[in-house]
Amino acid sequence: MKKSGLLAAFCIVTLSTAFPVNGQQQIQASEKKKSIKKITTTAKAAVVMNADTDKILSEKNAHKSLAIASISKLMTGYLVLKKLPLGTQVQPSSNTMKIGEESNLASVNLDSNQSYSADELLRAALQLSANDAAIALGDQVSGSQTKFVKLMTKTSQSWGLASAQWYNAAGIRNDEAMDDGVKAPDNAENKMSAVDVALMTDNILEKTPRIKRIVHQSQNQFDGITQDSNYVLMKNYFKNTKYTVTGAKLGISVKSGVSYVGLFTYKGKHYITVVLHADQYTNLSAVFRETKRILNQTI
């Protein structure tokens, strides 16, 4: 009996010595999972990330893939900065002009008989969420939405964003792209999980800081017209809170409701927030309300 007990003890010690890494990895993974707070929000999915450490601090349904609407324009902006000199002259197609004429889609009413600089189209896409500007840029980079979608897919895969599904540069429904629609159902929209949106945003800001400067600006000038950027909405909502908003991107559609990626500073630290499908698309203030809510629960 004593020999048997010694043998069993020897086996336990030997196994724990032979496989220490796997055991430690499991413990670390378990501890990491426990350290991520669960948050309460009306949004279907949400995440708060510490942008200084790239650590996810809190989440709700973080890995659920959902339509992201105009949040897609962050990826479009990144690819434009990587592929086009900002002085490049872009002449939109007649189909892009038709997209801009749709009353339910944000646009700057591009004229297919005019050319525009890549720089002013980029600002229109990111600051005003202009769908026609984003489509024109995607066409200029790759020659068509089909080819640009392949580039978006290749880029997101290289960053490990497994949930990403792309159909166009703007984030509109496939049928809303009209002749630029790809081979997919009419109601297909760009989709991604909240955690992948946070990781994508972190990657983009690190690799192309210019985008952070663009989404931080309060006004946009396009074709001789000056107007407030989307950033003004964000700044006004958070001005009476303890958080400083430094920019971000809204995403609004019937399918995705209202969604939002926010960039914040608080006590010298930087945060990325993601709120997907906070409420119906008519209730814009819901994304700011829920962003404040998840920040309060997290930091």
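As numbered in mature numbering (1 follows the signal peptide of the UniProt record, and there is no 0), residues -18 to -1, 1 to 281 make up the sequence shown, in order.
For every residue, glycine included, the Cβ atom is placed at its ideal position computed from N, Cα and C.
As the structure is a computational prediction, the values presented were derived from the model and not from experiment.
Taking the beta carbon of H259 as the centre, do at least 16 other beta carbons fall within 10 Å, making it buried, or is it exposed?
Within the sequence shown, numbered from 1, the residue matching residue 259 stands at position 277. The residue is buried, with at least 16 neighbouring Cβ atoms inside 10 Å.
Return the CA-CA distance between T35 and Y60, expressed in angstroms with no decimal places.
Stepping through the sequence shown from its first residue, residue 35 is reached at position 53. Stepping through the sequence shown from its first residue, residue 60 is reached at position 78. Whole-angstrom Cα-Cα distance: 22 Å.
Between S145, A118, A51, which has its C-alpha nearest G82's C-alpha?
Stepping through the sequence shown from its first residue, residue 82 is reached at position 100. Taking only the C-alpha atoms, the option nearest G82 is A118.
Mind checking which residues open and close the beta strand (DSSP E) that includes S76?
Residue numbering aside, residue 76 sits at position 94 when the sequence shown is read from its first letter. Run containing S76: none in the beta strand (DSSP E); it sits in the alpha helix (DSSP H), 76 to 83.
Who are F204's beta bridge partners in DSSP?
Working through the sequence shown from its first residue, we reach residue 204 at position 222. DSSP, once it has assigned bridges, lists I207 as partnering F204.
Quick one: grab the DSSP three-state call for L232.
Sequence index remark: in the sequence shown, residue 232 carries index 250 (1-based). It is a strand residue.
Alpha carbon to alpha carbon, how far is V256 from V72?
Position 274 of the sequence shown holds residue 256. Position 90 of the sequence shown holds residue 72. If I take the Cα positions, the gap works out to 32 Å.
Mind listing, in chain order, the continuous alpha helix (DSSP H) runs of no fewer than 4 residues lying wholly within the segment 230 to 281?
267 to 280
In angstroms with no decimal places, state the Cα-to-Cα distance between S99 and I50.
In the sequence shown, the residue the question calls residue 99 occupies position 117. In the sequence shown, the residue the question calls residue 50 occupies position 68. Approximately 27 Å between the Cα atoms of the pair.
Backbone CA spacing between G69 and D101 [nearest angstrom]
Here residue 69 refers to the residue found at position 87 of the sequence shown. Here residue 101 refers to the residue found at position 119 of the sequence shown. Distance between the alpha carbons of G69 and D101: 6 Å.
So is Q122 buried or exposed if we call it buried at 16+ other beta carbons inside 10 Å?
Residue mapping note: residue 122 aligns to position 140 of the sequence shown, counting from 1. Classification for Q122: buried.
Per DSSP, Q96 is paired with what?
Here residue 96 refers to the residue found at position 114 when the sequence shown is read from its first residue. DSSP, once it has assigned bridges, lists no residue as partnering Q96.
DSSP beta-bridge partners for M31?
Here residue 31 refers to the residue found at position 49 when the sequence shown is read from its first residue. BP columns for M31 point to I38, I254.
Give the secondary structure of T137 by DSSP, where H, G and I count as helix, E and B as strand, and everything else as coil.
On the sequence shown, residue 137 is found 155 positions in, with the first residue counted as 1. Correct three-state label for T137: helix.
Check whether N202 and A106 have beta carbons under 8 Å apart:
Position 220 of the sequence shown, counted from the first residue, corresponds to residue 202. Position 124 of the sequence shown, counted from the first residue, corresponds to residue 106. Yes, Cβ-Cβ distance for N202 and A106 is below 8 Å.
Note down the Cα distance separating Q7 from S17, rounded to an integer number of angstroms.
Taking the sequence shown and counting its residues from 1, the one referred to as residue 7 is at position 25. Taking the sequence shown and counting its residues from 1, the one referred to as residue 17 is at position 35. Low per-residue confidence applies at Q7: pLDDT is 45, beneath 50, and the placement is therefore not dependable enough to give any value.
Straight-line CA distance for L133 to N91?
Taking the first residue of the sequence shown as position 1, residue 133 is located at position 151. Taking the first residue of the sequence shown as position 1, residue 91 is located at position 109. Cα-Cα distance, rounded: 26 Å.
Buried or exposed by the 16-neighbour rule on C-beta atoms within 10 Å, applied to G163:
Numbered from 1 along the sequence shown, position 181 holds the residue referred to as residue 163. Burial call: buried.
For the segment 264 to 273 and the segment 224 to 240, state whether three or more C-beta atom pairs, one from each stretch, are separated by less than 8 Å.
yes
By the three-class DSSP mapping on this structure, what secondary structure does T183 have?
Locating residue 183 in the sequence shown gives position 201, counting from the first residue. If DSSP states are grouped into helix, strand and coil, T183 belongs with the helices.
Quick one: which unbroken alpha helix (DSSP H) runs of 4-plus residues sit fully inside the segment 42 to 74? Chain order, please.
55 to 65
Closest residue to V62 among K37, L104, Y149 (Cα-Cα distance)
Position 80 of the sequence shown, counting from 1, holds the residue named residue 62. It is L104 whose Cα lies nearest to the Cα of V62.
Whole-number beta carbon distance between I53 and residue 282, since they are thought to touch under 8 Å
With the chain covering only -18 through 281, there is no way to say anything about residue 282.
Please determine, among A180, D157, D178, A176, the residue with the shortest C-alpha to C-alpha distance to N169.
The residue given as residue 169 occupies position 187 in the sequence shown. Among A180, D157, D178, A176, the Cα nearest to that of N169 belongs to D157.
For S140 and M174, the rounded distance between their alpha carbons
As a working mapping, residue 174 is identified with position 192 in the sequence shown. As a working mapping, residue 140 is identified with position 158 in the sequence shown. So the two alpha carbons sit approximately 15 Å from each other.
If you follow the beta strand (DSSP E) that S175 is in, where does it begin and where does it stop?
Start at 1 with the first residue of the sequence shown, and residue 175 comes out as number 193. Residues 173 to 175.
My output table needs one value for T23: the three-state DSSP class, helix, strand or coil.
Walking along the sequence shown from the start, residue 23 turns up at place 41. In this structure, T23 counts as coil in the three-state DSSP scheme.
Where do the N-terminal and C-terminal ends of the alpha helix (DSSP H) with R195 fall, by residue?
One-based indexing of the sequence shown puts residue 195 at position 213. Here the alpha helix (DSSP H) through R195 covers 191 to 196.
Since M182 and L143 should fall inside the 8 Å C-beta cutoff, what is the C-beta to C-beta distance between them, to a whole number of angstroms?
On the sequence shown, position 200 is the one that residue 182 refers to. On the sequence shown, position 161 is the one that residue 143 refers to. Indeed they touch by this definition, with Cβ atoms about 6 Å apart.
Quick check on DSSP: helix, strand or coil for V227?
The sequence position of residue 227 within the sequence shown is 245, counting from 1. It is a strand residue.
Own chain, CB closer than 8 Å to K224, minus 5 neighbours either side, in chain order:
Mapped onto the sequence shown, residue 224 falls at position 242. For K224, where only same-chain residues beyond five positions count, the Cβ hits under 8 Å are Y248.
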